[in-house]
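Engineer: Using this note's numbering, you'd call the opening residue of the sequence shown number 64 and step up by one each time.
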Amino acid sequence: MAGRAGRRGIDPEGKCVMALDVRDGLDDMRRVVDGPPEPIVSQFKLGYGSVALLLSMGKDMATIRRTVESSFGQYQNLKRIRGLEAEVRSLEVAAEDARGFRAPCGEFSRIGRYRTARAAVEAARMARGRGGRHGRSAAEAEPGRLALVRRKSGATLGLVLGADRRRHRTLLTVLLPHGGTVQMKEGNIKRVFWQTPPLHVPRDWERRTRGLTDQMAAVSVADLMEREKNQGPEAALAAIMCHRCPWGFQNRCEQEFKGIEGLERRLQQKTEALDACKNAYWNEFLNVVNILEHFGAVQDGKLLGKGQLIAGLRHDNELLVAEIIDHGLLAGTTLAEAATLCSCLIEESRSGDGAVARTFLKKRPKLRHALQEMGAIAETVEAAQRQRHLSMPTGISTGFMPAVFRWASGDNDWAAIVEESFGGHEGDLIRALRRLIDVLRQLGESPEVPAEQATLLGKAARVIDRGIVLESALI
64 MAGRAGRRGI DPEGKCVMAL DVRDGLDDMR RVVDGPPEPI VSQFKLGYGS
114 VALLLSMGKD MATIRRTVES SFGQYQNLKR IRGLEAEVRS LEVAAEDARG
164 FRAPCGEFSR IGRYRTARAA VEAARMARGR GGRHGRSAAE AEPGRLALVR
214 RKSGATLGLV LGADRRRHRT LLTVLLPHGG TVQMKEGNIK RVFWQTPPLH
264 VPRDWERRTR GLTDQMAAVS VADLMEREKN QGPEAALAAI MCHRCPWGFQ
314 NRCEQEFKGI EGLERRLQQK TEALDACKNA YWNEFLNVVN ILEHFGAVQD
364 GKLLGKGQLI AGLRHDNELL VAEIIDHGLL AGTTLAEAAT LCSCLIEESR
414 SGDGAVARTF LKKRPKLRHA LQEMGAIAET VEAAQRQRHL SMPTGISTGF
464 MPAVFRWASG DNDWAAIVEE SFGGHEGDLI RALRRLIDVL RQLGESPEVP
514 AEQATLLGKA ARVIDRGIVL ESALI
């Protein structure tokens, strides 16, 4: 609690002075000092820089995996892993016991086939209903299909000749036994005879309706219905012994079967969760490597030039920084312009006055164009991350640009810069400038950054690190 040196084990003892503005804060202070310690939670995060550093060691993947999974975060996962393992074992035992149920017929798996067949029958029944929302609907009937259609005089045989599929409904052209054709809605098709092969309908059927009606006359509706009954889903259902169980165990067998299905479903879910928990950090590592390969920073597990740059950076998203360098967005810029563009990589989206930044950019088309390119790069990186379920920040912030440009240009009127070119709290600006100096120094010292740009960025870091910005680091 007393400070970083104490947490690192350097100082054996530390003293804290807590200044209270009002007496009311005394109870809160005592709660903090005498209360139980907050739980330690791993902050281990596999970023692009840490993954690139692991690859730069030249070790094989098995060694790298042991390193990744020796983190405190993976250690904290062990408790959840142990819990999931216990749940998986319990579900495995329960499922095995449930599978031991013995049906009177001696073939318990038969009830599974029966349930499948019954579902097919239900789907067919729904298809025959108005609208046919489930299963095969009348709208699916191809030319030549025989069907039972509704007429004012009663149900009659019809031959489907075609379908006119419009935005909100389907109209079927149907040939009637007397030779006339009508268009009717799908709901007027009482039943399609799917088990009977369709008749051949010639292209010029308008001139050959007599031949088609003769074929229809030779067909018995009773025979069509019998074929549907014997060859359709109902027949398959009736052929299974469970349909009329001699022992009256159908309901009992179904309940047992549903129980097994539920146990197996839960077992699969818990097994998948266990695998994900065990391999969480390694899968994350592989996803990061995949993105680095996608952007040409890694090939066959080896770092390329861009990968070397990433390995030498410390940032919330080293890949984004490397991509901006690789696209040459800082080439041909002045010291102030380079520092201003780099300030967009300092993620402090709530800081600064957006209106001031917009006015600033309107007067500087060069910076505005470069900012647009940076935004496009950030979107590309974000899309790759989203596809692989990774969440490294890719935001481009403009809030610091006007103030950084003035300060990097040598303007020493700090109060005016804060008030006119920032609009936020000066502490936020100072903190952002310290972070900007760190980024500029890293890029200035990187051998992978073109020499001219590296020199410019290193100089920008020194120019910014003056006055109140420098003094803040010495406190």
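Note that beta-carbon positions come from the ideal geometry of N, C-alpha and C, so glycine has one too.
(1) State the start and end residues of the unbroken alpha helix (DSSP H) segment that holds residue 252.
(2) If you drop the 5 nearest sequence neighbours on each side, which residues of the same chain put their C-beta closer than 6 angstroms to that of residue 403?
(3) Give every residue of the same chain whose Cβ lies closer than 7 angstroms to the Cβ of residue 351, excluding the five residues on either side of it in the sequence, and list them in chain order.
(4) Using C-beta distances below 7 angstroms, list every residue in its chain close to residue 271, excluding the 5 sequence neighbours before and after it, in chain order.
(5) Would residue 242 and residue 273 be called neighbours here (beta carbons separated by less than 9 angstroms)?
(6) Could you tell me the distance, in whole angstroms, from the CA atom of residue 483 to the CA atom of residue 513?
(7) Compare the beta carbon distance of residue 392 and residue 442 with 9 angstroms and say whether it is the shorter of the two.
(8) Around the Cβ of residue 529, are there at least 16 other Cβ atoms within 10 angstroms (buried) or fewer (exposed)?
(9) Should residue 73 be labelled buried (16 or more other beta-carbon atoms within 10 Å of its own) or exposed?
(10) The beta strand (DSSP E) spanning residue 227 covers which residue range?
(11) Roughly how many angstroms lie between the CA atoms of residue 211 and residue 258, to the nearest whole one?
(12) Where does residue 210 sit, in a helix, a strand or coil, going by DSSP?
(13) Per DSSP, residue 247 is paired with what?
(14) Take residue 157 as the anchor and find which of 240, 328, 218 has the nearest alpha-carbon.
(15) Starting from the Cα of residue 357, find the closest Cα among 427, 444, 375 and give me that residue.
(16) Where do the ends of the alpha helix (DSSP H) carrying residue 423 lie?
(17) Let's see if you can read the secondary structure: which residues bound the alpha helix (DSSP H) around residue 470?
(18) So residue 379 is in the alpha helix (DSSP H); what residue range does that whole segment cover?
(19) State the Cα-Cα distance for the pair residue 207 and residue 319, rounded to the nearest angstrom.
(20) Under three-state DSSP, which class holds residue 398?
(21) Would you check if the distance between the CB atom of residue 58 and the CB atom of residue 252 is smaller than 9 angstroms?
(22) Out of 143, 330, 450, 456, which one is the CA nearest neighbour of residue 384?
(23) In three-state DSSP terms, what is residue 362?
(24) Looking at C-alpha atoms only, which residue of 448, 399, 497, 342 is the closest neighbour of residue 522?
(25) Assuming residue 516 contacts residue 375 (C-beta within less than 8 angstroms), just tell me the rounded distance between them.
(26) May I have the straight-line CA-CA distance separating residue 78 from residue 471, to the nearest angstrom?
(27) Output the distance between the C-alpha atoms of residue 197 and residue 220, rounded to the nearest integer angstrom.
(28) Can you tell me whether residue 159 is buried or exposed, with buried defined as 16 or more other CB within 10 angstroms of its CB?
(29) If we ignore side chains and look at the alpha-carbon of each, how far apart do residue 162 and residue 341 end up?
Structural biologist: Reading off the structure:
(1) One-based indexing of the sequence shown puts residue 252 at position 189. Not the alpha helix (DSSP H): residue 252 falls in the beta strand (DSSP E), residues 252 to 255.
(2) Along the sequence shown, read from residue 1 onward, the residue named residue 403 stands at position 340. Within the same chain, residue 403 has close Cβ partners 464, 467, 468.
(3) Counted from its first residue, the sequence shown places residue 351 at position 288. For residue 351, where only same-chain residues beyond five positions count, the Cβ hits under 7 angstroms are 109, 111, 114, 453.
(4) As a first step, residue 271 must be located in the sequence shown, where it is residue number 208. For residue 271, where only same-chain residues beyond five positions count, the Cβ hits under 7 angstroms are 265.
(5) Counting from 1 along the sequence shown, the entry for residue 242 is found at position 179. Counting from 1 along the sequence shown, the entry for residue 273 is found at position 210. Cβ distance < 9 angstroms, so residue 242 and residue 273 count as in contact.
(6) Position 420 of the sequence shown, counting from 1, holds the residue named residue 483. Position 450 of the sequence shown, counting from 1, holds the residue named residue 513. Residue 483 and residue 513: Cα-Cα distance of roughly 35 angstroms.
(7) Your numbering for residue 392 matches position 329 in the sequence shown. Your numbering for residue 442 matches position 379 in the sequence shown. In this structure, residue 442 does not lie closer than 9 angstroms to residue 392 by Cβ.
(8) Position 466 of the sequence shown, counted from the first residue, corresponds to residue 529. The residue is exposed, with fewer than 16 neighbouring Cβ atoms inside 10 Å.
(9) Here the question's residue 73 lines up with position 10 in the sequence shown. It counts as exposed.
(10) Your numbering for residue 227 matches position 164 in the sequence shown. Here the beta strand (DSSP E) through residue 227 covers 217 to 228.
(11) Taking the first residue of the sequence shown as 1, we reach residue 211 at position 148. Taking the first residue of the sequence shown as 1, we reach residue 258 at position 195. Looking at the two C-alpha atoms, the distance is approximately 13 angstroms.
(12) As a first step, residue 210 must be located in the sequence shown, where it is residue number 147. Strand at residue 210.
(13) Within the sequence shown, the letter at position 184 stands for residue 247. The partner list for residue 247 (beta bridge, DSSP) reads 235.
(14) Here residue 157 corresponds to residue number 94 of the sequence shown, with the count starting at 1. Ranking the options by Cα distance to residue 157, first place goes to 328.
(15) Translated into the one-based positions of the sequence shown, residue 357 becomes position 294. Minimum Cα distance to residue 357 is reached at 444.
(16) In the sequence shown, residue 423 corresponds to position 360, counting from 1. 417 to 425 is the span of the alpha helix (DSSP H), which, as asked, contains residue 423.
(17) Translated into the one-based positions of the sequence shown, residue 470 becomes position 407. 464 to 471 is the span of the alpha helix (DSSP H), which, as asked, contains residue 470.
(18) Position 316 of the sequence shown holds residue 379. No alpha helix (DSSP H) holds residue 379; DSSP gives it neither H nor E.
(19) Taking the first residue of the sequence shown as 1, we reach residue 207 at position 144. Taking the first residue of the sequence shown as 1, we reach residue 319 at position 256. Rounded to the nearest angstrom, the two C-alpha atoms are 45 angstroms apart.
(20) In the sequence shown, the residue the question calls residue 398 occupies position 335. Residue state, collapsed to three classes: helix.
(21) The requested residue 58 is not part of the displayed model; the chain covers only 64 to 538.
(22) Taking the first residue of the sequence shown as 1, we reach residue 384 at position 321. Among 143, 330, 450, 456, the Cα nearest to that of residue 384 is on 456.
(23) The residue you call residue 362 lines up with position 299 of the sequence shown. DSSP places residue 362 in strand when its eight states are reduced to three.
(24) Your numbering for residue 522 matches position 459 in the sequence shown. The shortest C-alpha separation from residue 522 is found at 399.
(25) For this step, residue 516 is matched to residue 453 along the sequence shown. For this step, residue 375 is matched to residue 312 along the sequence shown. In fact, because the Cβ distance is near 15 angstroms, the residues do not count as touching under 8 angstroms.
(26) Translated into positions along the sequence shown, residue 78 becomes position 15. Translated into positions along the sequence shown, residue 471 becomes position 408. Cα-Cα distance, rounded: 40 angstroms.
(27) Locating residue 197 in the sequence shown gives position 134, where the first residue counts as 1. Locating residue 220 in the sequence shown gives position 157, where the first residue counts as 1. Because the pLDDT at residue 197 is just 39, under 50, the model does not fix this residue reliably, and the point stays unresolved.
(28) Reading the sequence shown from its first residue, position 96 is the one you call residue 159. So residue 159 ends up on the exposed side.
(29) The sequence position of residue 162 within the sequence shown is 99, counting from 1. The sequence position of residue 341 within the sequence shown is 278, counting from 1. Roughly 29 angstroms between the two C-alpha positions.
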